[in-house]
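Scroll down for the structure; my scribbles are underneath it.
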Amino acid sequence: AQSVTQPDIHITVSEGASLELRCNYSYGATPYLFWYVQSPGQGLQLLLKYFSGDTLVQGIKGFEAEFKRSQSSFNLRKPSVHWSDAAEYFCAAYYNTNAGKSTFGDGTTLTVKP
Amino acid sequence: GAVVSQHPSRVICKSGTSVKIECRSLDFQATTMFWYRQFPKQSLMLMATSNEGSKATYEQGVEKDKFLINHASLTLSTLTVTSAHPEDSSFYICSARDGRADSPLHFGNGTRLTVT
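Protein chains in written order, with my numbering: chain A, 1 to 114; chain B, 115 to 230.
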């Protein structure tokens, strides 16, 4: 079955430090990959997406993600975290064969220390 | 672009009553809409998938008679929680995608339902 794994449930970083959130996907074919961010009590906002081509994709709010086929990974990075980045982050995969449905990871909660 | 509007953002209702939640795509045609339920500190749980003009497809374990979904147009889907009970209290989120294979999901801001 298709699955998306976010190994880190909770990450704490200091403001100004770099950030990497991990995401691994399963399945034979390469899916479309997305990262979303959710602030408390809100819906999800798209940060970036990967379909094909350049494996390093740039997103909003200074985030980027790198697709590595050999590792089935799509890790999210930010060079310098701001206190406003504290939120829940979800990695998601979309497979054309899954009736239009996306598969979500369990999410990673990011806490930013002053 | 690609804005999804979800209303209401919060609703409190009494046990036994029904509540309707609307999800509208404001600037694109949503061929497919999804309804999720999210428990505190958890990921999204897909409840059902709706395609315009056809019956919704419910995930296993979701009561279709309790959670009525209508996708009457390319810009509007509704979720009606019928005969609500306190255990139905949750955060409900809709999302929509257009017909392109590479379309991401566009999410509404969610509805916090509290059943008293």
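Where a beta carbon is used, it is the ideal one built from N, C-alpha and C, also for glycine.
From the options, residue whose alpha carbon lies closest to that of residue i
{"i": "residue 175 of chain B", "options": "B/230, B/217, B/159", "result": "B/159"}
{"i": "residue 219 of chain B", "options": "B/150, B/129, B/131, B/133", "result": "B/150"}
{"i": "residue 222 of chain B", "options": "B/189, B/170, B/177, B/156", "result": "B/189"}
{"i": "residue 207 of chain B", "options": "B/134, B/214, B/143, B/196", "result": "B/134"}
{"i": "residue 21 of chain A", "options": "A/53, A/52, A/8, A/112", "result": "A/8"}
{"i": "residue 214 of chain B", "options": "A/75, A/13, A/51", "result": "A/51"}
{"i": "residue 86 of chain A", "options": "A/10, A/46, A/1", "result": "A/10"}
is_contact[residue i, chain B] using C-beta, thresh 8 Å
{"i": "residue 90 of chain A", "result": "yes"}
{"i": "residue 102 of chain A", "result": "yes"}
{"i": "residue 16 of chain A", "result": "no"}
{"i": "residue 96 of chain A", "result": "yes"}
{"i": "residue 106 of chain A", "result": "yes"}
For residue i: DSSP bridge partner residues
{"i": "residue 209 of chain B", "result": "B/148, B/221"}
{"i": "residue 10 of chain A", "result": "A/109"}
{"i": "residue 33 of chain A", "result": "A/50, A/93"}
CB contact check: residue i to chain A, cutoff 8 Å
{"i": "residue 157 of chain B", "result": "yes"}
{"i": "residue 207 of chain B", "result": "yes"}
{"i": "residue 184 of chain B", "result": "no"}
{"i": "residue 230 of chain B", "result": "no"}
{"i": "residue 160 of chain B", "result": "yes"}
{"i": "residue 140 of chain B", "result": "no"}
{"i": "residue 122 of chain B", "result": "no"}
Exercise. Quick one: complete beta strand (DSSP E) runs, 3+ long, within the region 118-161 of chain B?
Worked result: Runs found: 118-121, 124-127, 133-139, 146-152.
Problem set entry | Contact set between the region 51-83 of chain A and chain B, restricted to residues whose Cβ is under 7 Å from the partner | 51
Problem set entry | Contact list for the region 30-46 of chain A against chain B, Cβ threshold 9 Å | Cβ contacts with chain B: 32, 34, 36, 38, 41, 42, 43, 44, 45, 46.
Problem set entry | 3 or more residues per run - each beta strand (DSSP E) lying fully within the region 166-202 of chain B | Listed in chain order, they are 181-187, 190-195.
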